[in-house]
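For reference, the structure discussed in these notes is given below.
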Amino acid sequence: MLDEYVRSFQTGALAAHKDGSRHWIKNKGPSVETYIGFIETYRDPTGMRAEWEGFAAMVNGPMSEKFGRLVAAAEKILPRLPWPEAYEKDRFLKPDFTSLDVLAFAGSGVPAGINIPNYDEIRQEEGFKNVSLGNVITAAYTASVLPFLGPEDAELMRQYRTQAFEVQVGLHELFGHGSGKLFAKDKDGKLNFDEKTVKHAETGEPITSFYTPGETYDGVFTDLGSAYEECRAECVGLYLSLDDEVMELFDCRGDTGRLVTYVNWVDNLWDGFAKCLEQYDAAARKFMQAHSRARYVILRVLLEHGDGVVSIEERQDADGRPDLLLTVCRDKIHTAGKKAIGDFLTRLQVYKATADVAAARAMFDHYSEVPDSGLHPFAKWIPIILEKKQPRRFLVQAHTELKGDDVLLRQYESTPEGLIQSFVDRFPDPAIEDRLLELHQKDAKHFP
Ligand SMILES: [Zn+2]
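According to numbering that gives the first Met the number 0, numbering within the sequence shown proceeds without interruption in unit steps and concludes at 447.
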């Protein structure tokens, strides 16, 4: 694995990085996990160029056990997804699904879960690893103020959000990214589905489009691919979290289980509204981030087809300033909400399976619109959302230090002082300080 990575980084050969990743997926259940390279394309507006990242993390035993239960139940749960059986993979490649605690994550942001390698042809044919970054979830969810929610929902979020997010991440990564077949023709002209019996799930007509030899999902869906696939995975999470048996695999039972499901829906819809519109570039009419667009699309789908499962209304805050209120109807998530997400999820999967990027784009663009009039004038609401925006929290990563044979863990306060101290400790050599200053001066002109 490392040899291939070295070859890739020295020569720029993508094929070598793919081979390195092939070795990596075979290394199942290690107690220290690491991956490195140009991985995620989220931040590239065209969704093509990936950003450099690398991490080192350790396995969290008890949490991994829950995910193990999920993997073991996969064959029973996958058929509960709303699309016809023929649209599911012939064979579910049981992934390695571990919960890790991050020691160091180098990159522009630390995700809560990853399903890698990102090469879909490897994921489809050879396998993948699912990684949930447990301590990231806990760190992110100690946030305090939640605007645009009623007091009862805000309290439920405080109580159950971490649990709900664990559920969503597990379902998103395993049954979201891990599910769904791609219809394809191989080099010998053989189709991987039965032309006579498998019909287009939306029209009932024969299947006329599929992936031809050499075509991949990313190659066909290009700049739409990332947001579209994230949306599919998020919908799978919302959909399966309505299943009591699935919730039991996460130790969420009875009334509490139902509350966790409810909070999962509130959290996703609230995020699609309050957080995702922060990531909308009104001038370019574009979302800056794939996950943001994905969650906003889900909010729009449920506003349009959910029969009132979610609603947003204008109100005034205590100081008489314009404010907004998002409400989710608890009674409707298992009925109208489930139906709306299920129907949408089927369309997402059908267009993905049939390589029908034109239909996918038309549908996705419709729900990505940010209207400035009508029942939900989102463009007009953005200033209100930005006014209530909470300051971003600091993620200050820990260090390890070798003292004799002992490894010491050094942690820092989540404050500017803590952040600076962590960098001072990370770069103790004064020569490095000079080099950093040099780099700063070189780049300063880009930050007038
Ligand atoms: Zn994802």
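No residue lacks a Cβ here, since even glycine has one placed at the ideal position from N, Cα and C.
Closer than 7 Å: residue i CB and nearest ligand 1 heavy atom
i           : result
residue 114 : yes
residue 56  : no
residue 229 : yes
residue 111 : no
residue 232 : yes
residue 176 : yes
residue 171 : yes
Contact with chain C by residue i, beta-carbon distance below 8 Å
i           : result
residue 171 : Considering every chain present, this structure includes no chain C. It has just one protein chain.
As assigned by DSSP and simplified to three states, the class of residue i
i           : result
residue 129 : strand
residue 31  : strand
residue 86  : helix
residue 240 : coil
residue 388 : coil
residue 371 : coil
residue 214 : coil
residue 194 : coil
residue 322 : strand
residue 189 : coil
residue 148 : strand
residue 169 : helix
residue 154 : helix
Beta-carbon proximity of residue i to residue j, cut-off 8 Å
i           : j           : result
residue 235 : residue 175 : yes
residue 425 : residue 445 : no
residue 325 : residue 147 : yes
residue 378 : residue 390 : no
residue 134 : residue 114 : no
residue 7   : residue 16  : yes
residue 260 : residue 241 : yes
residue 88  : residue 238 : no
residue 225 : residue 45  : no
residue 181 : residue 357 : no
residue 366 : residue 308 : no
residue 217 : residue 306 : no
residue 194 : residue 205 : yes
Where the alpha helix (DSSP H) through residue i begins and ends
i           : result
residue 269 : 253-269
residue 421 : 415-425
residue 429 : 429-442
residue 9   : 1-10
residue 333 : No alpha helix (DSSP H) contains residue 333, which DSSP labels as neither H nor E.
residue 75  : 73-76
residue 17  : 13-25
residue 314 : Careful: residue 314 lies outside any alpha helix (DSSP H), inside the beta strand (DSSP E) at 309-315.
residue 304 : 289-304
Bounding residues of the beta strand (DSSP E) (the contiguous stretch that carries residue i)
i           : result
residue 113 : 112-115
residue 410 : Neither: residue 410 is in no beta strand (DSSP E) and is coded neither H nor E.
residue 104 : 95-105
residue 57  : 50-58
residue 120 : No beta strand (DSSP E) contains residue 120, which is instead part of the alpha helix (DSSP H) from 119-124.
residue 399 : 398-402
If you pair each beta-carbon of the segment 252-266 with each one of the segment 288-300, do three or more pairs fall below 8 Å? no
For the segment 54-63 against the segment 100-110, are there 3 or more C-beta pairs whose distance is under 8 Å? yes
Pairs of beta-carbons, one from the segment 168-183 and one from the segment 231-250, closer than 8 Å: are there three or more? yes
Give a yes or no on contact between the segment 338-352 and the segment 72-88, applying the rule of three or more CB pairs nearer than 8 Å. yes
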